[in-house]
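All remarks here apply to the structure that follows.
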Amino acid sequence: MKPNILVLYYTQSGQLRDILDNLLADILPHTNIDFAPITPSHAFPFPWDAYTFFDAMPETVQRIPIDIEPLPEAIYHQQYDLVILGYQPWFLSPSLPITGFLKSDFAKVLTGKKVLTVIGSRNMWLNAQEEVKSDLLRLGANLVGNIVLTDSNPNLISTLTVIRWAFTGKKEASGVLPAAGVQDKDIQGCVRFGRPIYKHIQDGDFSGLQTDLLHAGAVDLKPGLILLEQRGITNFRKFATYIREKGGPGDPNRRGRVLLFKRLLIIGIFVLSPITNLSAFLQVQIKKRRLLKDIQYYKGVTYQQGKL
Ligand SMILES: Cc1cc2nc3c(=O)[nH]c(=O)nc-3n(C[C@H](O)[C@H](O)[C@H](O)COP(=O)(O)O)c2cc1C
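In the numbering used here, the protein residues as written are 4 to 311.
Below, the structure written as structure tokens:
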């Protein structure tokens, strides 16, 4: 009998679905795969208008769930050998539709299941995955693997291109800037993860799956990004509380604070980032041993509360 796989995912541009299709291409003929897209009841715009984009930060960071459309009833009656959860970080946290799913009753489909997470990000996904790990634990699911796709361009370039992509929908290269998002060759390269996944399903033993995936290059993580993400999420959390004191999403009373957040984020990224990068570089030299240990942790699938 062919093994059964459930693939739950959310995608705005289609990039994550593309990643998942490539990941599963090799094992498709040997498995039964059910795809179940997660759909917010009120769609987020794509391309985004700038205000809606920045206004989404507080609820994303505070993990306040949005409503999602019901998932197909049939998935609650099927035995799955593996569930794949494909998601993307927004503001260093799981995207709102994924939080909407993970904090809803629909997430009971994960209870008792082996789960493989697949992340399609720019390059900052650590806190998001810590949040997802904690949700999976609460739901009684067992995280057995994690594959992370990032944009391999330098930090500042990938920031510029993701902004162009989010606000205009233009993913392709333009002017001096390369294409946005995960590089096509890396998306296509996901096919190499299919075999180890299939082997562990066949063995009925997922204990060595993440080790095998890491050997195949499933997670690439630079130590400086750990420090940048720690700093970023600390500031986002403070700003999220500050904005929400004035009201919920779309509330005109919080407009001034949302616009202040937008300005400070832009200054932080484009004006202060050379200083931040230099300070992160110096800290990497000082804290090297601890950061190398942290890298091992973030590449793995275990969960320690309060890591970030
Ligand atoms: C509102 C928003 C915030 C984002 N924040 C992050 C982030 O914190 N870290 C990151 O690596 N990528 C971030 N991204 C990029 C996404 O993770 C993702 O790679 C991109 O939106 C494409 O995903 P899609 O498959 O939904 O189209 C953000 C994108 C959006 C729209």
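The C-beta atom is built at its ideal place from N, Cα and C for all residues, glycine as well.
Keep in mind the model is a prediction, meaning the values are calculated, not measured.
Could you check which residue in the options has the C-alpha nearest to that of residue i?
i	options	result
TYR54	ILE36, GLU248 and PHE170	PHE170
GLY184	LEU152, SER137, ILE69 and LYS265	LEU152
ALA39	ALA28, PRO68 and LEU19	LEU19
GLN186	GLY211, ASP154 and PHE209	ASP154
ILE71	ILE22, GLN132 and THR42	THR42
TYR12	GLY89, ASP24 and GLY251	GLY89
GLU232	PHE209, LEU74 and ASN280	ASN280
SER210	ASN149, LEU267, ILE160 and ARG195	ASN149
LEU159	LEU275, PRO252 and VAL86	LEU275
LYS225	LEU295, GLY259 and ILE67	LEU295
GLU76	GLN91, VAL112 and PHE47	VAL112
GLY115	GLN81, LYS174 and PRO277	GLN81
ASN126	PHE47, ALA110 and PRO92	PRO92
PHE104	TRP168, GLU133 and PRO68	PRO68
HIS45	GLN213, VAL261, THR244 and LEU99	LEU99
According to the neighbour-count rule (16 or more other Cβ atoms, all chains shown, within 10 Å of its Cβ), is residue i buried or exposed?
i	result
ASP52	exposed
LEU228	buried
PHE239	buried
LEU31	exposed
GLN205	exposed
GLY123	buried
GLY178	exposed
HIS33	exposed
ASP58	buried
ASP108	exposed
SER161	buried
ASP208	exposed
THR237	exposed
ILE269	exposed
ALA176	exposed
THR164	buried
PHE264	buried
PHE49	exposed
GLY172	exposed
Below 8 Å on the Cβ atoms is my contact criterion, and I expect residue i with residue j to pass it. Report the Cβ-Cβ distance as a whole number of Å.
i	j	result
VAL304	VAL147	7 Å
ASP215	PRO199	4 Å
PRO61	ARG266	At roughly 16 Å, the Cβ-Cβ gap does not stay under 8 Å, so PRO61 and ARG266 are not in contact.
LYS106	ASN145	In fact, because the Cβ distance is near 19 Å, the residues do not count as touching under 8 Å.
ASP332	VAL194	Shown here, the chain extends from 4 to 311; a query on residue 332 therefore has no answer.
Taking the C-alpha atoms as reference points, what is the distance between residue i and residue j?
i	j	result
PRO249	ILE166	The sequence given here places Lys at residue 249; Pro does not occur at that position. Each residue's alpha carbon lies about 27 Å from the other.
ILE8	TYR83	5 Å
ALA221	PRO255	43 Å
PHE242	LEU142	29 Å
VAL10	MET4	19 Å
LEU140	ASP37	23 Å
PHE307	ASP138	It is worth fixing the name first, because residue 307 is Gln in this sequence and not Phe. Rounded to whole angstroms, GLN307 to ASP138 spans 13 Å at the Cα level.
GLN288	ILE298	15 Å
ASP189	ASP24	13 Å
PRO97	GLN15	14 Å
GLY235	PHE94	9 Å
LEU217	HIS203	14 Å
VAL86	LEU26	14 Å
ILE272	ILE78	42 Å
LEU285	ARG292	13 Å
ILE101	ALA110	10 Å
LEU129	TYR301	7 Å
SER282	GLY251	35 Å
TYR201	GLY17	24 Å
Inset, instruction - Report the residue ranges of all alpha helix (DSSP H) runs contained in full by the segment 168-247; include only those spanning at least 4 residues, in chain order. - result: Segments of the alpha helix (DSSP H) lying fully in the segment 168-247: 187-191, 197-206, 212-218 and 226-247.
Inset, instruction - Return the chain-ordered ranges of every alpha helix (DSSP H) run that is complete within the segment 87-122 and spans a minimum of 4 residues. - result: 99-105
Legend entry - Minimum length 4: unbroken alpha helix (DSSP H) runs contained in the segment 30-62: 53-58
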